[in-house]
Structure formats: structure tokens, C-alpha cells
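Enquirer:
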Amino acid sequence: MLKKEFKAESKRLLEMMINSIYTQKEIFLRELISNASDAIDKIYYKALTDDQLVFNKDDYYIRITADKDNRTLTIADTGIGMSQEDLENNLGIIAKSGSLAFKSENEAKDGHNIIGQFGVGFYSAFMVADQVTVISKALGSDQAYRWESEGTDGYTIEPCEKDSIGTEITLKIKENTEDDQYDEYLEEYRLKSIIKKYSDFIRYPIKMDITGHRPKEGGEGEFEEYKEEQTVNSMVPIWRKNKSELTQEDYENFYAEKRYGFDKPLSHVHVKADGAVVYNAILFIPENTPFDYYTKEYEKGLELYSNGVLIMDKCGDLLPDYFSFVKGMVDSEDLSLNISREMLQHDRQLTLIAKNIKSKIKSQLQSLLKDDREKYETFFQAFGRQLKFGVYNDYGANKDTLSDLLMFTSSKEKKLVTLDEYVSRMPEDQKYIYYASGTSVERIEKLPQTEIVADKGYEILYLTDDIDEFAIKMLMNYKEKEFKSVSSGDLGIEADAEDAPSEAEAAENKELFEAMSTVLAGKVKSVKASKRLKSHPVCLTAEGDLSIEMEKVLKAMPN
Ligand code: ADP
Ligand code: MG
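Numbering (the working numbering), first residue to last: -14 to 544.
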């Protein structure tokens, strides 16, 4: 039987691709710049083994030129260029990547900075252009070629003139339509901001003519416009620099530049992981709670870069919910990207990085607690609630990570203390970690239930936040000491024999208690003589698992 080959319907495939792979049109520039950078990288790698070839860094750059009158945008590079055959193969066949081939051919030679792999990025140009012209001269060739295409109708290739080695891609930018704006891709400021956003850390200079204004010579108070070539990208990302070269201010500037927040970061960690998974990260703990932090609108996540190119603005998978306040970025060479390079395949690498980051944040917070108590308390005021939610959610699965980071107000210190501090100063005869709940410290201090515990000289944790007691219930214990509410039935405190209410006392007051029970029917379960009261005549105690405060919270929750 004759077996027929499937033929890709290139035209339709191209249209489909152009319109469905990418969610944002602006990424065409990221793709073309990445290709240009790859092309320069290839010369760089070749020069490593070829004595004839000298790689003089100053000769290699990418140039972006917008011409509003002709509606063209040109991306030129001084990279390796393409021969006629390369143009046929790499631009004529969709999903064919010359860069991927280069990487496997040159495996031995550390080609891992090269970004391309899927062979589709180039076509993203057709999202914003009616026509794309590529003029290229390959390294080692005397002849240049022009490849031209209007997208779906195929392409032409013909010899042409070009002085230097490299590639020049010219996009004829589409006219604005009712639904889509294209003019912006000819605007200097817009192009600059797209470059900054996605390609700031491309390792070669991305040059552009930028308009400036200067006082006109002779003209009083008049200004004139002038153009000046500028390198738009910063090239060396701060996270690749040595920590020893960087100052506190550098990190603060980066935080502000990236608009992670309008505050100053309280603390940061710069991670250079070189183990099972290789990545660089800079993580910040903000000083202030973002205004929408405790709302549904708040979106957690870190910026994710693959080899210096921005892939995702907010990668939520990198942060557990309880550390959702952390801002910053991760850059890794080891990620498996999907075809649009907008999303990641959920892979082992990402999970490993996330796990690693989680423990970095925890140790950062722990050292803050140890070394700068005041800052830690500022942090805890801003985000402590989220940590407590973290303990409560997932049925306490995170309690090992989080219990050391929690703080509660202490009856003794009248300020926030950690559980470790509480336990470390417990007298030997104290069995439990005591806590009392209420809406404020003042109110809790008036609770009759706290009296007997305080009289024993034991410290009490005052739980004033709704979530506190729920979190404590999930923790159950800390360093093998169980938590105990001061209003629970058995406090584990032995009352002096004389103070204990005798059976006789109970019998004596039987009628009184019965009368009280009748009056309070439906409101209390029973009325009893108590041995825990000191200066108060009565108190309420909870019998079940839920304290009175928790019941209040639960009742207040919408169903
Ligand atoms: P990818 O970058 O994933 O390989 P692209 O569609 O972006 O896919 O590009 C296809 C191929 O075209 C590249 O692999 C490369 O071989 C070639 N190419 C594209 N742009 C350039 C350029 N500026 N200089 C040299 N080669 C290029
Ligand atoms: Mg590419």
C-alpha cells in the first residue's frame, strides 16, 4: 500500500499560529531581538574554537530603527547572518529552528545561552506587519540575499547588496484598525519600554536613536530636538552580578525600577543556586502591606526569566500562598518552555526551584527575627496574618515551616513574642502553653479565666486576631507542649485543697444553681461551682472543642 505523507498546510498553519500562540502582540519584538542575540552568540561560540575569527565585543550589537513616515521598523544585527539556504530552511519552513540545530551540533561547547528552539518566533512579526523583509549576509560569504514575505502567500528570495555580515529585518507595520492599534510600534517610548520589559538583559547592546531636547544655540530660551544613539538595555542583570559588588541601594533601586512596590523593601535575599537546579533569584520582603493584599484581586507571583529573557510577569507556582507577599524574580537556564515561551510546562525544575525558594524565604525571615527584631515585627504586623492563614489552611501541613515564624502578644512582656521564646521560659511545673482569646488585649486582661493562670506566674498568649485561635488549633502543640485555652475545662493546674469547691458546697448551693440554669436556659449548658475564680464572682467556660471566641467568628462568617 502506498503511504502518503502528511503535508502541513503552511498557509493555514501560519495564520493560525500568528493569531493564536501569543496573547500579546508586543512580544514580536522580544522574539526578533532574541533571534538577533542568538545570531551574535553563534559568532561568539564559533570564535571560541576558530583562530581566524576574533570576537571584538564592540563590533556586536542590535539596532532598532523606526521610520514613522514609511511605517517601517527595522531590527538589525551584526550576528552570523543567513545564507540563501539558511533563509530557505529557517525562515521558509515553519517550526524549523536553526538555533536548535546549532545547539545540538555544538553541544560540547556550552551553547546554552542561545534562546531559540521552536522555530516559530520569527513569524510573530506578522502579528504587527503586512510585510517582512530580511536582508542577510552570512559569515564567510560574499553574497547577500533578500527574503521577503507578506505572510500567507509564501516568500521570495533574491540576491541583493549588503556591506557587512549580519541580518536586517524590516517590518512594514500594519495600519491601525478599529480593534487593533499598530501605530504604537513606531513610537520611540513604546519600543523602548517593550525592550526594557522583555529584553533588558540581552547580553549585547540594543541601540536606538532617542530624541532629546537641548537649548538652541543663539535662540533665547528656545529648544531644539536632536537624536542621540543610546543603548536601551542594561545588559548585565543585577542578579548575575556578584553580591559583593552590590550595595543595599542597588537592590532598592532594582525594587523601585521593577515596580515591585512603592515602599522600600524591608529585606532581600540574593540567591545563586548551583546545585541540583541552577537559578539566580532576588527576593524581597516588602515593608508595607499592598492595599489589595488581603483581597481576591491580589495576585501572587515572581517574575520568571529564562536566560535573561522575561517569560512570565507573575509566576504563581513559585510561591506558596503563605509567602504570597514576597516580590522579586527568578532566572534559570533549566526551564522547559512551551512554544509561545509565555508559559512553562509544569515540570520538575519549576517544582524544585519553588521548593528551594520556600526554604530561602523561611531562613531569611528567621535571620531577620534573630538579627533585627524591630524589622521582623514590622514585617509581622504587615504579613503575620497571612502566615497564620498558612498554618490554618491545608490542615496544618505547613506548620513545621511556619510555627517558628509566628508571634503573639504575651501577658508578661506586653508585646509580641515567638512560641520559642514562650516555651524557653516556661517554669518546670508548667504543662501547657496557655492562651486567651478576645477582641483586644484590654478585654482579655479583664477575663476572669486568665486570673488563675496568671496567679500561678504562667505566661499567657493573647490572641486578638480572628484567625489566631484557628491557627493555634491546627498547630496543636509546639516543641511538644500542648496549647491550652484559659477557658478550657481542665487547665492542668492543681488548685490548693482548701480552695477546691467541696461536694458539700455544691449541694449547699444546689437550689441557687438550678434557679440560675432555669433563667439562663438555652444560653448556658450548666451552672457549676468553680475553683478557678479569684477576684471575679463568675466566669464562662467552654466545654467542647470550640472556644467562645471561635464560635463568635464562625457565627459571623457568611455561609
Ligand atoms: P527559533 O529562534 O526558536 O529557532 P525562529 O522562528 O525565531 O525560531 O527563528 C528560526 C530560525 O531562523 C532561527 O533558529 C535561526 O536559525 C534563523 N534566524 C532567525 N533570525 C535570525 C537572525 N537575525 N540572524 C540569523 N539567523 C536567524
Ligand atoms: Mg527565535
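Backbone N, C-alpha and C fix where the C-beta goes; we use that ideal spot for every residue, glycine too. If you're wondering where the values come from, they're calculated on a predicted model, not measured in any experiment.
Is Phe276 buried or exposed, if buried means 16 or more other CB atoms sit within 10 Å of its CB?
Expert: Exposed, by the Cβ-count rule.
Enquirer: Listed by chain order, which residues have C-beta atoms less than 7 Å from any heavy atom of the ligand MG?
Expert: With the cut-off at 7 Å, the residues found are Glu16, Ser19, Asn20, Asp23, Ser84, Ile100, Gly101, Gly106 and Phe107.
Enquirer: Can Met2 be considered in contact with the ligand ADP, in the sense that its beta carbon sits closer than 6 Å to one or more heavy atoms?
Expert: No, the beta carbon of Met2 sits no closer than 6 Å to any heavy atom of the ligand ADP.
Enquirer: Taking DSSP as the reference, what is the three-state secondary structure of Glu467?
Expert: Strand, per DSSP.
Enquirer: How far does the beta strand (DSSP E) with Leu122 in it extend, from its first residue to its last?
Expert: Here the sequence assigns Lys to residue 122, which means Leu is not the residue at that position. It spans Ala114 to Lys122 - the beta strand (DSSP E) in which Lys122 sits, taken as one unbroken run.
Enquirer: Which value, in whole angstroms, describes the spacing of the CA atoms of Ile25 and Ser82?
Expert: Straight-line Cα distance between these residues: approximately 16 Å.
Enquirer: Per DSSP, what kind of secondary structure is Lys151 in: helix, strand or coil?
Expert: The sequence given here has Gly at residue 151, not Lys. Strand.
Enquirer: Is the beta carbon of Ile191 closer than 7 Å to that of Ile179?
Expert: Contact flag unset, no.
Enquirer: Among Arg188, Ile338 and Leu156, whose alpha-carbon lies nearest the alpha-carbon of Asp259?
Expert: Among Arg188, Ile338 and Leu156, the Cα nearest to that of Asp259 is on Ile338.
Enquirer: Have a look at Thr59 and Lys345 and give me their C-alpha separation to the nearest angstrom.
Expert: Rounded to whole angstroms, Thr59 to Lys345 spans 43 Å at the Cα level.
Enquirer: List the endpoints of the continuous beta strand (DSSP E) containing Ala129.
Expert: Run containing Ala129: Ala129 to Ser134, per the beta strand (DSSP E) assignment.
Enquirer: For Leu171 versus Lys10, is the C-beta spacing smaller than 7 Å?
Expert: Going by C-beta atoms, Leu171 is not nearer than 7 Å to Lys10.
Enquirer: Return helix, strand or coil for Leu289, following the three-state DSSP convention.
Expert: Reduced to three states, the DSSP call for Leu289 is strand.
Enquirer: Whole beta strand (DSSP E) runs in the segment 206 to 236 with 3 or more residues, listed along the chain?
Expert: Correct list: 208 to 216.
Enquirer: Do Ser82 and the ligand ADP come close, with the Cβ less than 6 Å from some heavy atom?
Expert: It does: the Cβ of Ser82 is within 6 Å (strictly closer) of some heavy atom of the ligand ADP.
Enquirer: Could you name the residues of the same chain whose beta carbon sits closer than 7 Å to that of Leu(-1), not counting the 5 residues immediately before and after it, in chain order?
Expert: Cβ within range, chain order: Ile79, Tyr108, Gly136 and Thr137.
Enquirer: Once you ignore the five residues that flank Met459 on each side, which residues in its own chain have a CB closer than 6 Å to its CB?
Expert: Val376, Tyr377 and Gly381, listed in sequence order.
Enquirer: By the three-class DSSP mapping on this structure, what secondary structure does Leu(-1) have?
Expert: Looking at Leu(-1) - three-state DSSP - the assignment turns out to be helix.
Enquirer: Give a yes or no on whether the C-beta atoms belonging to Lys469 and Val408 are separated by under 7 Å.
Expert: Not a contact, by the Cβ cut-off of 7 Å.
Enquirer: Whose C-alpha, out of Phe186, Val438 and Gly64, is nearest the C-alpha of Lys226?
Expert: The option with the nearest alpha carbon to Lys226 is Phe186.
Enquirer: Span of the beta strand (DSSP E) holding Tyr407?
Expert: That residue, Tyr407, is in no beta strand (DSSP E); its alpha helix (DSSP H) goes Leu404 to Ser409.
Enquirer: How would you call Gly125, buried or exposed, if buried means at least 16 neighbouring beta carbons within 10 angstroms?
Expert: So Gly125 counts as exposed.
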